Amino acid sequence: MKDIFSSITKKYERFNVISSFGAYKLWLAGMMRQAPISLADDVLDIAGGTGDVTFAVLRASHPTHIQCTDLVPEMLDVARAHLASEPRTPAGDATCAGVPAAFEVVDAQDIPYADESYDAAIMAYGIRNMPDRPRALFEMYRVLKPGGALVCLEFSTPPNAAWRALYNFYLKHLIPFWGGLITGDKAGFVYLTKSIKAFPDQQGLANLMKQAGFAEVTWKNYTGGIAAVHVAIKPEGER
């Protein structure tokens with residue numbers, strides 16, 4: 044998985060735009076509307092990739108600070124390049140909308156931050172690619188403060204049978220086609236298709252979050268359930 048994403052980094056954003064017909068921007072906007080992030084919050088972006096989610100959080104919520112992490116260094120290099128022309132804090136951190144942002148290579152299954160370090164964690168299209176999802180979710184739970192929220196945007200399962208069949212056809216035939224055409228790596232997008240189809244549905248992901256300790260797990264479907272945003276809260280008083 045790491046090799047796949049490192050090889051397509053420079054064309055990854057173009058693929059997202061074309062393959063989703065621009066819908067991924069609507070999903071991201073919906074994610075921001077659901078994310079309970081305030082001005083005083085310190086935010087952790089898990090599997091932050093090229094920085095789309097980090098920049099959306101900064102512009103929508105203006106938190107105190109955001110830490111953008113990803114397993115693939117090449118992805119973070121693109122995120123840093125996007126931020127290169129932004130102003131900087133006196134400490135030298137890059138900023139976006141006046142908010143400090145930092146970048147670090149991190150495996151979400153072994154997050155190198157202290158317990159209860161963050162007010163919110165946010166993640167898009169990340170948990171599906173993690174071999175040990177329960178461990179990754181527990182790690183996110185661990186670094187959140189009590190009352191903190193995990194907000195997760197991920198591909199999901201359309202509840203409507205006809206829409207689901209059409210979507211499955213698109214996944215099987217057109218995602219590899221677009222991926223091969225845009226990035227030259229058709230095989231990588233065959234993997235992408237298989238990972239989406241094998242991923243738990245909305246309730247399945249909610250169950251994984253609850254097993255990690257989260258409570259008040261809710262979700263909202265977008266584009267008929269092709270994508271869903273889950274919000275999971277770490278209970279007050281939990282450690």
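Once you know that position 61 of the sequence shown is 104 in this note's numbering, the rest is easy, because the numbers rise by one and skip nothing. The C-beta atom is built at its ideal place from N, Cα and C for all residues, glycine as well. Since the structure is predicted, the reported quantities are computational estimates derived from the model, not experimental observations.
- Three or more Cβ pairs closer than 8 Å define a contact, and the stretch 191 to 209 meets that threshold against the stretch 239 to 247.
- When the alpha-carbon of Ala249 is set against those of Gln110, Asn203, Leu180 and Arg207, the nearest one is in Leu180.
- Taking all protein chains shown into account, Asn203 has fewer than 16 neighbouring C-beta atoms within 10 Å of its C-beta and is therefore exposed.
- Here the alpha carbon of Asp158 sits roughly 8 Å from the alpha carbon of Lys188.
- Counting along the chain, no beta strand (DSSP E) covers Glu182; the unbroken alpha helix (DSSP H) around it starts and ends at Arg176 to Val186.
- For Val100, the CB contacts under 8 Å within the same chain, skipping 5 residues up- and downstream, are Met75, Ala78, Ile80, Val86, Asp88, Pro106, Ile109 and Ile165 in chain order.
- In the structure shown, Lys253 adopts helical secondary structure according to DSSP, grouped into three states.
- Thr93 places its beta carbon 8 Å or farther from that of Ala66.
- Between the beta-carbon of Ala90 and that of Tyr168 there is about 7 Å, and that keeps the pair under the 8 Å contact cut.
- Under the 10 Å beta carbon count, Leu251 is surrounded by 16 or more other beta carbons and is classified as buried.
- The residue from Leu119, Ala145, Thr112 and Lys68 with its alpha-carbon nearest to that of Gln152 is Thr112.
- Looking only at Gly191, Asp150, Ala163 and Ser160, the smallest Cα-Cα distance to Arg176 is reached by Asp150.
- Pairing Leu69 with Tyr265 gives a Cβ-Cβ distance under 8 Å.
- The DSSP-derived three-state label of Asn264 is strand.
- DSSP places Pro278 outside both helix and strand once states are collapsed to three, so it counts as coil.
- Bridge pairing for Ala258: Ile276 [DSSP].
- Cα atoms of Ala255 and Arg178: separation of roughly 8 Å, rounded to the nearest angstrom.
- A straight line joining the alpha-carbon of Val274 with that of Pro116 spans about 27 Å.
- Note on the stretch 187 to 224: whole beta strand (DSSP E) runs with a minimum of 3 residues are 187 to 198, in chain order.
- Setting aside the 5 residues that flank it on each side, Gly191 is surrounded in the same chain by Asp162, Ala163 and Lys277, each with a C-beta closer than 6 Å to its C-beta; the list follows chain order.
- Taking 8 Å as the upper bound for CB-CB distance, Leu126 and Val96 are not in contact here, some 13 Å apart.
- A distance below 8 Å separates the beta carbons of Leu119 and Phe146.
- Put simply, the backbone Cα of Val148 is about 24 Å away from that of Ser104.
- Considering only Glu279, Asp244, Ala271 and Gly267, the residue with the shortest C-alpha distance to Glu259 is Glu279.
- Between Lys263 and Gly73 the beta-carbon gap is near 7 Å, inside 8 Å, which marks them as a contact.
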